[in-house]
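Each number in this note's numbering comes from the position in the sequence shown (counting from 1) with 1 added on.
Quick reminder that beta carbons are idealized off the backbone N, C-alpha and C, glycines included.
Given the structure is predicted, the values throughout are model-derived calculations rather than measurements.
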Amino acid sequence: MTSKKFLYNWLLLLAAFIFLSWNQASDKWISEKYESYNLHYTTCDTVLIREYKDYTETGIKTVENFFRNNFPQNFELFIHPNRESLDKQWQTDWNMPDFKSECWMVASGVNTKLDILVPYTWDSLACEHSSKNKIKIQRIFTHELVHVYHGQHNISPDFSNTMGIDWFIEGLATFVSGQCDNKRILEVKDAIVNGNSPTNLDSFWKGNLRYGQSGTMLMFISSNWKQEKLFELLQYNTKSEILKSLGTKEDELIKQWLSFMQNFNANSL
Numbered sequence: 002m003t004s005k006k007f008l009y010n011w012l013l014l015l016a017a018f019i020f021l022s023w024n025q026a027s028d029k030w031i032s033e034k035y036e037s038y039n040l041h042y043t044t045c046d047t048v049l050i051r052e053y054k055d056y057t058e059t060g061i062k063t064v065e066n067f068f069r070n071n072f073p074q075n076f077e078l079f080i081h082p083n084r085e086s087l088d089k090q091w092q093t094d095w096n097m098p099d100f101k102s103e104c105w106m107v108a109s110g111v112n113t114k115l116d117i118l119v120p121y122t123w124d125s126l127a128c129e130h131s132s133k134n135k136i137k138i139q140r141i142f143t144h145e146l147v148h149v150y151h152g153q154h155n156i157s158p159d160f161s162n163t164m165g166i167d168w169f170i171e172g173l174a175t176f177v178s179g180q181c182d183n184k185r186i187l188e189v190k191d192a193i194v195n196g197n198s199p200t201n202l203d204s205f206w207k208g209n210l211r212y213g214q215s216g217t218m219l220m221f222i223s224s225n226w227k228q229e230k231l232f233e234l235l236q237y238n239t240k241s242e243i244l245k246s247l248g249t250k251e252d253e254l255i256k257q258w259l260s261f262m263q264n265f266n267a268n269s270l
């Protein structure tokens with residue numbers, strides 16, 4: 002009995018040691034260098050890392066093809082294994098030690114870095130996102146890559162010194178990434194019909210329709226001034242500069258957007 006008990010205890014200790022060793026290994030960061038970015042991920046995500054690289058490289062091509070220019074500098078890409086890791090990074094980056102992310106927050110991008118919660122955890126660690134919808138995962142990667150690209154061309158690379166252009170920053174990423182889809186466009190058109198459209202640019206990035214409102218505004222600007230104008234606008238960090246470059250006033254821009262949306266056929270997408 003004594004030898005059996007000893008063996009049993011020894012096996013328990015061995016199992017605990019293996020578990021702890023594996024757990025520590027799963028937290029080990031691995032870094033890989035690629036042409037446009039440096040990839041960082043933990044051991045536990047090794048199996049699916051090829052898939053996440055594909056999302057990244059497809060997103061890079063989408064952004065560069067849209068603007069007809071390459072990323073001017075390399076950036077860091079961190080694939081975070083859990084929300085705790087993501088929050089710690091944001092707490093450091095944003096100098097907010099008590100920050101806790103909302104469940105819908107899964108990624109962020111600035112000129113030098115893209116942080117994203119590993120997609121296969123989204124069903125359990127996030128809301129409004131699915132690990133099974135590969136199209137939407139791709140669009141989120143591309144959305145954040147637009148922010149990285151935008152930051153690399155903007156006078157305020159991390160967007161901390163901007164004034165009244167949330168609608169432009171987020172609308173651009175929504176439009177270029179393909180997130181301004183048929184569903185969002187129809188929601189915005191319905192709001193316009195019901196008299197619930199925004200009356201100033203700051204209001205475009207507010208409420209449940211903020212992605213659709215801001216995205217369709219950038220879709221209109223792209224259609225009316227062409228994509229080359231969007232590349233020019235990347236440098237500006239104030240609303241007044243953007244309006245001056247467009248040669249219009251805020252109320253006139255919104256009036257033109259309303260007309261564009263009322264006549265836009267979402268089924269043509």
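### Query
Taking residue 277 as the reference, which of 47, 28, 78 has the closest Cα?
Because residue 277 is not part of the residues shown, which for the chain are 2 to 270, the question remains open.
### Task
Measure the Cβ-Cβ separation of residue 226 and residue 168 and say whether it is below 8 Å.
Position 225 of the sequence shown, counted from the start, is the residue given in the question as residue 226. Position 167 of the sequence shown, counted from the start, is the residue given in the question as residue 168. Cβ distance not < 8 Å, so residue 226 and residue 168 don't count as in contact.
### Query
Exposed or buried, residue 69, counting other C-beta atoms within 10 Å across all chains shown (16 or more means buried)?
By one-based count along the sequence shown, residue 69 stands at place 68. Result: exposed.
### Query
So, residue 150 versus residue 64, is the Cβ gap smaller than 8 Å?
For the purposes of this step, residue 150 is taken as the residue at position 149 of the sequence shown. For the purposes of this step, residue 64 is taken as the residue at position 63 of the sequence shown. Against a cut-off of 8 Å, the Cβ pair of residue 64 and residue 150 comes out as a contact.
### Query
With 16 as the cutoff for other CB atoms within 10 Å, does residue 46 come out buried or exposed?
The residue you call residue 46 lines up with position 45 of the sequence shown. By the Cβ neighbour-count rule, residue 46 is buried, with 16 or more other Cβ atoms within 10 Å of its own.
### Query
Per DSSP, what kind of secondary structure is residue 41 in: helix, strand or coil?
Looking up residue 41 in the sequence shown gives position 40. Of the three classes helix, strand and coil, the one that applies to residue 41 here is strand, per DSSP.
### Query
Can at least three beta-carbon pairs, one atom from the region 207-227 and one from the region 165-180, be found at a separation below 8 Å?
The region 207-227, when compared against the region 165-180, does touch it at the 8 Å Cβ threshold.
#### Entry: Close beta carbons around residue 104, own chain, < 6 Å, minus the five adjacent residues each side
Walking along the sequence shown from the start, residue 104 turns up at place 103. Only 127, 128 meet the Cβ criterion.
#### Entry: Beta-carbon gap between residue 43 and residue 29 smaller than 8 Å
Sequence index remark: in the sequence shown, residue 43 carries index 42 (1-based). Sequence index remark: in the sequence shown, residue 29 carries index 28 (1-based). Residue 43 places its beta carbon less than 8 Å from that of residue 29.
### Task
Taking 8 Å as the cut-off, decide whether the C-beta atoms of residue 219 and residue 176 are in contact.
In the sequence shown, the residue the question calls residue 219 occupies position 218. In the sequence shown, the residue the question calls residue 176 occupies position 175. Yes, Cβ-Cβ distance for residue 219 and residue 176 is below 8 Å.
### Message
Taking contact to mean 3 or more Cβ pairs, one atom from each stretch, closer than 8 Å, check whether the region 106-123 and the region 138-150 are in contact.
### Response
Contact check between the region 106-123 and the region 138-150: three or more CB pairs, one atom from each, fall below 8 Å, which counts as touching.
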